[in-house]
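Following the numbering used here, the numbering of the sequence shown begins with -7 at its first residue and continues without gaps.
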Amino acid sequence: MAADRQACVLDTSAILAYVQDEPGSARVGALLKEALNEHRKIFISFATMSEVYYIVCQKNGLAAARKLVVLLKELPVTIVHSNERITLAAGRIKATCRLSFADAFIAATALETKALLVHKDPEFEPLATSITLEALPYKSRSIN
């Protein structure tokens, strides 16, 4: 891996942007291409696997969710499972920030791997002093 290419963690929102061809998809695709060419290391948290699975299962059914898990396993990413350091870091993050339980583990994975966190989730912004963040285009919120 080239020294000037920082490792990254793809948040659930980044993975979904990629597979659903949302804004930010091209950036995630470029990162994955770098990983495929061994120019960048990419991680995803076990929590991302679970979130992607249940989100797609709820929206598109079990078969689509299973198919996406197969796709994720074929991508040039390393799935990071929890350990005591990640668990305690996630607990500290959850205690101090308004993040979901899964997002706390995703952020803790970025800390553990010293990686850039690529996301579409404004809730990560308070962590910018401790984690390097790259925000993909946020979804616009409709006003009713």
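Where is the CB? At the ideal position from N, CA and C, for every residue including glycine.
| Check | Outcome |
| --- | --- |
| Is the Cβ-Cβ distance between I98 and D3 less than 9 Å? | yes |
| If we call anything under 9 Å between Cβ atoms a contact, is A127 one with E117? | yes |
| Are the Cβ atoms of L108 and T124 separated by less than 9 Å? | yes |
| Out of E104, L24, V11, point me to the one whose CA is closest to S37's CA. | E104 |
| Span of the beta strand (DSSP E) holding S137? | This structure gives no information on residue 137, because the portion of the chain shown stretches from -7 to 136. |
| Could you have a look at M(-7) and say whether DSSP puts it in helix, strand or coil? | Low per-residue confidence applies at M(-7): pLDDT is 38, beneath 50, and the placement is therefore not dependable, though the value from the model is reported in the following sentence. Looking at M(-7) - three-state DSSP - the assignment turns out to be coil, as it is neither helix nor strand. |
| In three-state terms, what does DSSP make of A55? | helix |
| Looking at the C-beta of T124, does it have a partner C-beta in chain C at a distance below 9 Å? | Looking at the structure shown, chain C is missing, and only one protein chain is on hand. |
| If A94 sits next to E43, beta carbons under 8 Å apart, how far is it from one beta carbon to the other, in whole angstroms? | 5 Å |
| Is A57 closer than 9 Å to V48 when the C-beta atoms are compared? | yes |
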